[in-house]
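Worksheet: one structure, shown below.
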Amino acid sequence: MIRTSILSFGMSGKVFHAPFINAHPDFKLKIICERSKNTAHDLYPDVTIVRTVEEAIQSEEIDLVIVNTPSITHYDYAKMALKAGKHVIVEKPFTATLQEAEELTSIAKEQNVVLAVYHNRRNDGELLTLKDVIDSGKLGKLVDIEMHFDRFAPDLSYKTHKEQDVKGVGVIYDLGSHLIDSALYLFGLPEEVYADASRTRLVTSVDDMFEIIFYYADFKVVLKASSFALQPIPSFIAHGQNGSFLCYRNNIQEERLMAGIKPAEEAYLNPTIDVADLVYMHNGEKVTAKLPLKIGNYMEFFNQVSRAIIADESGYVTGEEGKNVIQVIEKAYESIKEKRRIRL
């Protein structure tokens, strides 16, 4: 059993980590850090609650530490856990700087431990459906792809750490990490990056809207996030020389987890009625299809981490991959500052 501690029990701990660790046969949820409350006991009566991060990391009863604290603390806590010889999962964004990401990946190699970054959106049904369509060749040679992570959120976040004007905070680090990782997962690192960001809410200290363009050898990928998208538009748009793909983001896994549905329950993986639109040419004829979305499962992330720890298998989201996301983010901010394309 992989004995696991979770460093905080806010939304991330309650919704995205504890339910999966508790349901997975290879993991044992041992410790949760709550600085003043005992709410974890309501859901997990056998867990040990500690008051400090240091206790959750240094305990000899722990093999794996999940660093799901505010992003500006990721580097310090992940470094502490790695130095203690623990396997580590770090929430996105991995770190605030590329230098921090490089140091953590180096320490993980020295310690011979698994360092994974929680880019769970690779397991969204929408992205999996897009990947299948691209792999099928029905779109032909890709021309341009657009990915959105839009929402209507005109008010400041109640999570004050997400509104601090410090490095590692802002919509590019937050939602942008999801989109950047999705693009890198599908297409690898681009040759050049161009970016623009702005502050659109009335009172804010951080960027809340962005557009980032990845330039590859013969196609481009546009990544966008807005805080004022009251009317949804397709979140995944792909055009090739032989067809087009459109799909809305349904976010069904998060909605079900927020509603209290557990990962082991049948209802968690129930198919939805959502479909993707695929239009392509076949033998000179235009074909229009409605594709049921593939069923995504965030448990696959933990399956991959388990196999990495127990059987030394690859396939999980590595620190190196998390480092690539931070590299792109730094290049994006360089582009914003210099108002030009930046080569990677």
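Under the working numbering, read the sequence shown as residues 1098 to 1441, first letter to last. All residues carry an ideal CB built from backbone N, CA and C; glycine is no exception.
With a minimum length of 3 residues, the unbroken runs of beta strand (DSSP E) contained wholly in the region 1144-1209 fall at 1145-1147, 1161-1164, 1184-1188.
By the neighbour-count criterion, in which a residue is buried when 16 or more other Cβ atoms sit within 10 angstroms of its Cβ, Phe1117 is buried.
Sequence-distant partners of Gly1412 (beyond 5 residues in either direction) whose C-beta falls short of 8 Å from its own C-beta, in its chain, are Gln1401, Arg1404, Ala1405. DSSP places Pro1116 within a helical segment (H, G or I) once states are collapsed to three. As DSSP reads the structure, Thr1385 sits in a beta bridge with Val1376. Burial is judged here by how many other beta carbons sit within 10 angstroms of a residue's own beta carbon; Pro1287 has at least 16 and is buried.
Under DSSP, His1336 takes part in a beta bridge, and its partners are Asp1241, Ser1341. One Cα belongs to Ile1169, the other to Tyr1255, and the distance between them is close to 17 Å.
DSSP places Ser1102 within a strand segment (E or B) once states are collapsed to three.
Within the region 1285-1330, the beta strand (DSSP E) runs of at least 3 residues that lie entirely inside it are, in chain order, 1289-1295, 1306-1312, 1317-1322.
Sequence-distant partners of Ile1242 (beyond 5 residues in either direction) whose C-beta falls short of 6 Å from its own C-beta, in its chain, are Val1318, Ala1335.
Counted as a single uninterrupted DSSP element, the beta strand (DSSP E) harbouring Tyr1215 occupies residues 1212-1215. Non-local beta-carbon contacts of Ser1133 in its own chain, meaning distances under 8 Å to residues more than five positions away in sequence, involve Arg1148 in chain order. In the structure shown, the three-state DSSP call for Leu1236 is coil. Minimum Cα-Cα distance from His1171 among the listed residues Tyr1270, Tyr1291, Ile1433, Glu1410 corresponds to Tyr1270.
Straight-line measurement puts the Cα of Asp1371 at about 12 Å from the Cα of Leu1343.
A direct Cα-Cα distance of roughly 40 Å separates Leu1126 from Val1300.
Between Thr1202 and Glu1417, the C-beta spacing is below 7 Å. According to the DSSP assignment, Leu1140 belongs to the alpha helix (DSSP H) that extends over 1137-1140.
If you draw a straight line from the Cα of Glu1207 to the Cα of Asp1409, it comes to about 15 Å. Measuring C-alpha to C-alpha distances from Val1268 to each of Phe1284, Asp1221, Glu1158, Thr1297 identifies Thr1297 as the nearest.
The three-state secondary structure of Thr1226, taken from DSSP, is helix. When secondary structure is reduced to three states using DSSP, Ile1269 falls in the coil class, being assigned neither helix nor strand. In the three-state reduction of the DSSP assignment, Leu1354 falls in the helix class.
The Cβ atoms of Ala1213 and Leu1272 lie no closer than 7 Å to each other. A residue is called buried once 16 or more other Cβ atoms fall within 10 Å of its Cβ, and Lys1420 is buried on that count. Across the set His1121, Asp1123, Val1187, the C-alpha of Val1187 shows the shortest separation from the C-alpha of Leu1104. DSSP, reduced to helix, strand and coil, places Lys1127 within a strand of the structure shown.
Setting aside the 5 residues that flank it on each side, Val1210 is surrounded in the same chain by Leu1179, Gly1182, Lys1183, His1184, Val1185, each with a C-beta closer than 8 Å to its C-beta; the list follows chain order. Cβ neighbours of Ile1433 within its own chain (closer than 7 Å, five residues either side excluded): Ala1292, Asp1293, Ala1294.
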